[in-house]
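Chemist: Under the working numbering, the first residue of the sequence shown is numbered 52, with each subsequent residue one higher.
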Amino acid sequence: MLEDLLFTNSEGEGIPARFLRPADGHPPVPALIYAHAHGNRYEMGRDELTEGRPALVGPYAPDLQQLGIAALCLEMPCFGARQHPA
52 MLEDLLFTNS EGEGIPARFL RPADGHPPVP ALIYAHAHGN RYEMGRDELT EGRPALVGPY
112 APDLQQLGIA ALCLEMPCFG ARQHPA
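1. Alpha carbon to alpha carbon, how far is P110 from S61?
2. My output table needs one value for D55: the three-state DSSP class, helix, strand or coil.
3. Quick test of your reading: P67 and A132, contact by CB under 8 Å. State the CB separation rounded to the nearest angstrom.
4. In chain order, what residues of the same chain lie with their CB nearer than 8 Å to the CB of C129, ignoring the 5 residues before and after it?
5. Can you tell me whether DSSP reads G65 as helix, strand or coil?
6. Indicate whether C124 and R97 have their beta-carbon atoms separated by less than 9 Å.
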């Protein structure tokens, strides 16, 4: 199960995130924070968790779900929806 979340930092900026929850996972489940790569692919951001990055490896989401592991991927500054701050 995927959820798109929006956190707000202390300056009021919205920080998009993607949360992956195992479909059959009942809390508590193991979890990790996934930091997406740079690779000069500013448009990618948090989508790397679910779409992968051909230059590195396929998406991690299916493997994590199969293992029953939750994951949170925050969109880093200058990536994805945070490329052009308002």
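From the three backbone atoms N, C-alpha and C, an ideal C-beta is built for every residue, glycine too.
Modeler: With the given structure in hand:
1. 31 Å
2. strand
3. 5 Å
4. Y93
5. strand
6. yes
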